[in-house]
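Heads up, the sequence shown is in the numbering used here, so the first residue is 856 and it goes up one at a time. The beta carbon of each residue, even a glycine, is placed where N, CA and C say it ideally should be. Report on the structure given below.
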Amino acid sequence: MSTEKTTPDQRAFTPVTLDLGDVLLRPWGRLTELRGGPVAGLLAAAADPAIARWNPIRATDRAGAEAYLDRCDAGWAAGNAAAFAVVDAADGTLLGNSALRWVDRADGLAMVGYWMLPAARGRGLATRATLAVTRWGIATADTRRIEIAHAVGNDASCRVAERCGYPAEGTLRDSHHYGDGVYHDEHLHARLATDPEPPARSLG
Ligand SMILES: CC(C)(COP(=O)(O)OP(=O)(O)OC[C@H]1O[C@@H](n2cnc3c(N)ncnc32)[C@H](O)[C@@H]1OP(=O)(O)O)[C@@H](O)C(=O)NCCC(=O)NCCS
């Protein structure tokens, strides 16, 4: 059990590109380097039915996408939210998203979320990206506990959480209003900074 106090400034998320070799995690914002640009990337993501259902990103038109990117820039500037575009290192194509944000910065409690574009799914990318963001958050921002919540029945998200070393802790009833307009029960998963790394087959 840790009793040490950390100041909020030590818990600022500072913009950085995380290099996974074939994949780069680049901070989302107006200037994100992406093939076709960040607005087009977000519009493509928002048009995918599964992302619209489970990660409604309110970027269904250009103005909405620009507002989303402005919120990302503001989150980075405040050190409060670290949203990364998952990008193909070879050609700059957008693959997906993994984003960490403080729930309670003074307490070191954060939450991570993710989505992958349909063509990028099933290759282990959400797992690799979210593992990288988890490690970075723990190593650089003194994150104490990171949570993942997903709708019961979203088995792919459940597997990503498990593979990233976030065991399930329980079921939250009618806890979140998703993009389908319905409150869903959710599984809560969490990883503590003191938890062991997940098995080697998950390492990216
Ligand atoms: C959830 C999502 C991010 C997973 O991305 P991904 O890159 O395909 O995931 P990975 O390839 O890293 O797979 C991780 C695990 O999930 C499993 N998985 C993938 N799709 C699955 C599915 N439809 N049903 C069950 N398990 C699935 C994989 O087999 C793998 O588990 P394993 O290693 O035990 O075989 C992606 O499906 C997605 O973007 N879905 C729509 C948005 C969404 O649900 N976001 C999460 C909101 S909480």
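Work out the CA separation of residue j and residue i for me, nearest whole Å.
| i | j | result |
| --- | --- | --- |
| residue 1038 | residue 1032 | 4 Å |
| residue 962 | residue 921 | 31 Å |
| residue 965 | residue 929 | 17 Å |
| residue 906 | residue 967 | 15 Å |
| residue 981 | residue 919 | 24 Å |
| residue 933 | residue 876 | 28 Å |
| residue 1045 | residue 1023 | 7 Å |
| residue 926 | residue 917 | 14 Å |
| residue 939 | residue 1026 | 28 Å |
| residue 883 | residue 1028 | 32 Å |
| residue 899 | residue 1006 | 23 Å |
| residue 1050 | residue 998 | 12 Å |
| residue 931 | residue 937 | 6 Å |
Just checking my contact of residue i with residue j at CB under 8 Å: how many whole Å lie between their CB atoms?
| i | j | result |
| --- | --- | --- |
| residue 992 | residue 1001 | 6 Å |
| residue 867 | residue 996 | 7 Å |
Check: So, do the segment 878–892 and the segment 942–954 have three or more beta carbon pairs nearer to each other than 8 Å?
Finding: yes
Item checked: Segment contact, 8 Å Cβ cut-off, at least three pairs: the segment 910–925 with the segment 869–881 -> no
Check: Quick one: any contact between the segment 974–987 and the segment 1010–1020, if contact means 3 or more CB pairs under 8 Å?
Finding: yes
Note to self: Extract the residue ranges of the beta strand (DSSP E) inside the segment 896–974, only unbroken runs of 3 or more that lie entirely within it.
What the structure shows: 936–943, 949–959 and 964–971
Checklist line | Sequence ranges, beta strand (DSSP E) only - wholly within the segment 976–1010, length at least 3 | finding: 1000–1006
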